[in-house]
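Under numbering that gives the first Met the number 0, think of the first position of the sequence shown as 0, with each following residue one higher.
C-beta atoms are modelled at their ideal positions from N, C-alpha and C, and glycine is treated no differently.
This structure is a prediction, so every number in the text was calculated from the model and none was measured.
Written below as structure tokens is the structure these notes are about.
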Amino acid sequence: MAKARLDKIIANQFNVSRKDARIGIKQGKATVNGATIRDFSLIVDTENEITFGGQAMDYKEYIYILMNKPKGVLSATNDKSQKTVVDLVPSRWRRLGLFPVGRLDKDTTGLLIITDDGDFAHKAIAPNKNIYKTYEVTLDGAVTEEMVEAFKNGVTLADGTLCKKAILTPISENKAEIKISEGKYHQIKRMFGTVGLGVDELKRTALGGLKLPQDLATGGCRLLSDNEISLIFTSC
Ligand code: URA
0 MAKARLDKII
10 ANQFNVSRKD
20 ARIGIKQGKA
30 TVNGATIRDF
40 SLIVDTENEI
50 TFGGQAMDYK
60 EYIYILMNKP
70 KGVLSATNDK
80 SQKTVVDLVP
90 SRWRRLGLFP
100 VGRLDKDTTG
110 LLIITDDGDF
120 AHKAIAPNKN
130 IYKTYEVTLD
140 GAVTEEMVEA
150 FKNGVTLADG
160 TLCKKAILTP
170 ISENKAEIKI
180 SEGKYHQIKR
190 MFGTVGLGVD
200 ELKRTALGGL
210 KLPQDLATGG
220 CRLLSDNEIS
230 LIFTSC
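This is the structure we're talking about:
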């Protein structure tokens with residue numbers, strides 16, 4: 000386990016600023032293995048029993064939150080005027096450095112991971128990792144076999160950008176499942192734009208082998224288990 004300064008551990012794990020952690024520690028609000036510690040620069044092993052303001056620490060080096068993103072919320076860490084997905088994270092899981100893994104448009108719903116682990120995020124969404132993201136899409140017209148073929152061969156967007164192979168599977172006349180392994184800006188909307196269709200609804204239903212749980216309400220969050228995290232890196 001990690002060793003770090005007490006103020007750093009408390010700021011990180013209890014979602015307070017470093018300054019407030021120091022003030023609290025000096026006021027006697029922190030204990031390590033039952034003893035009150037007022038020296039905020041003390042180097043402490045995170046395996047110790049640490050409390051702050053009477054609350055016990057449940058140490059996690061990184062946090063991985065699964066969200067069922069609702070419509071109307073930005074996939075960003077913070078914004079001056081609009082609500083972001085990080086604003087929706089319950090306070091017990093908030094900490095400095097949280098960010099969404101990849102972006103869903105404001106009107107897109109579904110599976111979104113929020114974490115503070117940059118290496119994990121890179122592995123999960125970098126295009127060269129070939130991890131497929133699955134979406135359910137509702138269109139303003141019918142999906143044809145020609146479109147399925149065109150997407151399989153990689154479509155070229157209006158600005159000349161070539162997309163990698165995408166797997167398009169019709170569900171009903173104007174609904175389909177689409178799997179892509181990249182995350183270009185508005186990619187799915189722009190891909191359907193090349194075949195003359197508009198996207199009415201878009202929902203991400205899986206990342207790699209991790210599916211959006213049916214029982215996670217829109218706007219709801221929960222922590223991912225280690226097993227669920229490893230599912231992301233299996234094929235869907
Ligand atoms: N493609 C889009 O067009 N929008 C999203 O939110 C995700 C993929």
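Between residue i and ligand 1, is there a pair consisting of the residue's CB and a ligand heavy atom that are separated by less than 6 Å?
i, result
"LEU5", "no"
"THR137", "no"
"THR107", "yes"
"GLN26", "no"
"ILE231", "no"
"ASP199", "no"
"HIS185", "yes"
"LEU206", "no"
"LEU167", "no"
"LEU111", "no"
Am I right that residue i and residue j are in contact with their C-beta atoms under 8 Å? What's the rounded C-beta distance?
i, j, result
"ALA20", "ILE9", "4 Å"
"SER74", "PRO99", "5 Å"
"LEU110", "ALA205", "7 Å"
"MET66", "VAL84", "6 Å"
"VAL154", "THR193", "5 Å"
"GLY101", "ILE124", "4 Å"
"THR76", "LEU97", "7 Å"
When we look at the beta-carbon of residue i and count the other beta-carbons within 10 Å, is it buried (16 or more) or exposed?
i, result
"THR114", "buried"
"ASP6", "buried"
"THR233", "exposed"
"LEU201", "buried"
"SER180", "buried"
"ILE62", "buried"
"GLN186", "buried"
"GLN12", "buried"
"ARG203", "buried"
"THR133", "buried"
"GLY207", "buried"
"GLY33", "exposed"
Can you look up residue i in the DSSP assignment and give me helix, strand or coil?
i, result
"GLY117", "helix"
"ARG94", "coil"
"VAL31", "strand"
"PRO212", "coil"
"ILE170", "strand"
"MET56", "coil"
"ARG17", "helix"
"GLY109", "strand"
"ILE64", "strand"
"LEU41", "coil"
"VAL198", "strand"
"PRO99", "strand"
"LYS70", "coil"
"VAL88", "coil"
"VAL147", "helix"
"LYS163", "coil"
Measure the C-alpha to C-alpha separation of residue i and residue j and round it to an integer number of angstroms.
i, j, result
"LYS183", "ILE170", "24 Å"
"ARG221", "VAL142", "35 Å"
"LYS14", "ILE166", "Rather than Lys, the amino acid found at residue 14 in this sequence is Asn. Cα to Cα, ASN14 sits roughly 41 Å from ILE166."
"ASP199", "ASP139", "6 Å"
"GLY71", "PHE119", "26 Å"
"GLY27", "GLN213", "45 Å"
"MET56", "ASN226", "23 Å"
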